[in-house]
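Structure, as structure tokens:
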Ligand SMILES: Cc1cc2nc3c(=O)[nH]c(=O)nc-3n(C[C@H](O)[C@H](O)[C@H](O)COP(=O)(O)O)c2cc1C
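In the numbering used here, the protein residues as written are 213 to 481.
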């Protein structure tokens, strides 16, 4: 039995990031505490004085970056030299500067990043006719995440948090990639299969489903996370013909070669 605590802090609209973080936590064997900031209500408060043996920051990669609303919330956390592990989950294209950005955010919060990981999740834009990394993370990915957790726990056991190195190197460039702005682009069609169950309203991280207007999407607010599409029990929400559907088809054609998780560790001092 251990009394060590791991705190997971994550944004995960289609739950692949959550699955990877849960597996990492399992691997550590630590007691788990979670801040899931996916829904807007959960982002209204900021925990004060985080206290844990280890903090894992998790975010999906959006256009090579950490989604802005997650980055902005993470930056408001403060922790005193707690060992941290930034983890990004991406849809088998690239993670570009997202892992470096998340590592930098963890430092900004006062954490000491000791390891980092980039894992693969089914792409949010993946559809049945145009799958992109379907069913990832799969069992092999989750086994890798558990092993990663195990290794982090061993590292903390042998090196101890006091020796946590400040020399963690991860891929990425500064200045980070310019974020893509796609506000107002028509994205989702609601078909006649909609039974007005309201699941889409419940899962939207930015409250962009217009319940009073046929459950349509407010395109100026939508972040294109696809949570509502994936959660709809009737499969009644579909991508409109247009730029996003074109991207989905292109990614299906260009990102077919399986990528594998990557993990990084700081050198012990
Ligand atoms: C707006 C948007 C942009 C994305 N950009 C990228 C990207 O640059 N590279 C990539 O490989 N995947 C990209 N993805 C896919 C997600 O990173 C991937 O599906 C991830 O597993 C989603 O995490 P979640 O399940 O925790 O929401 C993007 C997804 C969305 C919604």
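By construction, the Cβ of each residue, glycine as well, lies at the ideal position given by its N, Cα and C atoms.
Residue 346 to residue 335 span [Cα, whole Å]: By 1-based counting over the chain shown, the position of residue 346 is 134. By 1-based counting over the chain shown, the position of residue 335 is 123. C-alpha separation (whole angstroms): 7 Å.
Rounded straight-line distance, which links the Cα of residue 340 to that of residue 352: The residue you call residue 352 lines up with position 140 of the chain shown. The residue you call residue 340 lines up with position 128 of the chain shown. Residue 352 and residue 340: Cα-Cα distance of roughly 22 Å.
Nearest-angstrom Cα separation, counted from residue 311 out to residue 329: For this step, residue 329 is matched to residue 117 along the chain shown. For this step, residue 311 is matched to residue 99 along the chain shown. Roughly 8 Å separates the two Cα atoms.
CB-CB length for residue 248 against residue 222, believed under 8 Å: As a working mapping, residue 248 is identified with position 36 in the chain shown. As a working mapping, residue 222 is identified with position 10 in the chain shown. Confirmed, about 6 Å.
Every unbroken alpha helix (DSSP H) within the stretch 301-379, with a cutoff of 4 residues, ordered by chain: 310-320, 351-371
Beta-carbon proximity check, residue 305 vs residue 467, cutoff 9 Å: The sequence position of residue 305 within the chain shown is 93, counting from 1. The sequence position of residue 467 within the chain shown is 255, counting from 1. Yes.
Any 3 or more C-beta pairs closer than 8 Å across the stretch 377-393 and the stretch 308-325: yes
Separation of residue 446 from residue 218, as counted between CA atoms: Here the question's residue 218 lines up with position 6 in the chain shown. Here the question's residue 446 lines up with position 234 in the chain shown. Spanning the two alpha carbons is a distance of roughly 37 Å.
Bounding residues of the alpha helix (DSSP H) (the contiguous stretch that carries residue 439): Taking the chain shown and counting its residues from 1, the one referred to as residue 439 is at position 227. Its alpha helix (DSSP H) spans residues 439-443.
Alpha-carbon spacing of residue 321 relative to residue 285, whole angstroms: Translated into positions along the chain shown, residue 321 becomes position 109. Translated into positions along the chain shown, residue 285 becomes position 73. Cα-Cα distance, rounded: 11 Å.
Those residues which DSSP pairs with residue 220 across a bridge: Translated into the one-based positions of the chain shown, residue 220 becomes position 8. For residue 220, which the question treats as bridged, DSSP gives the partners 246, 268.
Cα-Cα separation between residue 404 and residue 396, rounded to whole angstroms: On the chain shown, position 192 is the one that residue 404 refers to. On the chain shown, position 184 is the one that residue 396 refers to. Between residue 404 and residue 396, the C-alpha separation is close to 23 Å.
Contact set for residue 360: own chain, Cβ-Cβ below 7 Å, skip 5 residues either direction: The residue labelled residue 360 in the question sits at position 148 within the chain shown. So the list reads 236, 239, 329, 475, once near-sequence residues are dropped.
Any non-hydrogen atom of ligand 1 within 8 Å of residue 224 CB: Position 12 of the chain shown, counted from the first residue, corresponds to residue 224. It does: the Cβ of residue 224 is within 8 Å (strictly closer) of some heavy atom of ligand 1.
Neighbourhood of residue 231 by C-beta distance below 6 Å, restricted to the same chain and skipping five residues each side: If you number the chain shown from 1, residue 231 lands on position 19. Contacts found: 349.
Secondary structure, beta strand (DSSP E): runs of 3+ residues fully inside the stretch 419-465: 449-451
Residue 304 Cβ short of 8 Å to ligand 1 heavy atom set: For this step, residue 304 is matched to residue 92 along the chain shown. Yes, since a heavy atom of ligand 1 falls inside the 8 Å radius drawn around the Cβ of residue 304.
Option in 307, 398, 246 with minimal Cα separation from residue 558: Residue coverage of the chain in this structure runs from 213 to 481, which leaves residue 558 outside it and unanswerable.
N-terminal and C-terminal residue of the alpha helix (DSSP H) that residue 413 is part of: In the chain shown, residue 413 corresponds to position 201, counting from 1. Note, residue 413: alpha helix (DSSP H), 411-415.
Nearest candidate by alpha-carbon position, reference residue 462, set 338, 316, 215: Numbered from its first residue, the chain shown carries residue 462 at position 250. When only C-alpha atoms are compared, the closest one is 338.
Status (buried if at least 16 other CB within 10 Å, exposed otherwise) for residue 292: Here the question's residue 292 lines up with position 80 in the chain shown. Residue 292 comes out exposed.
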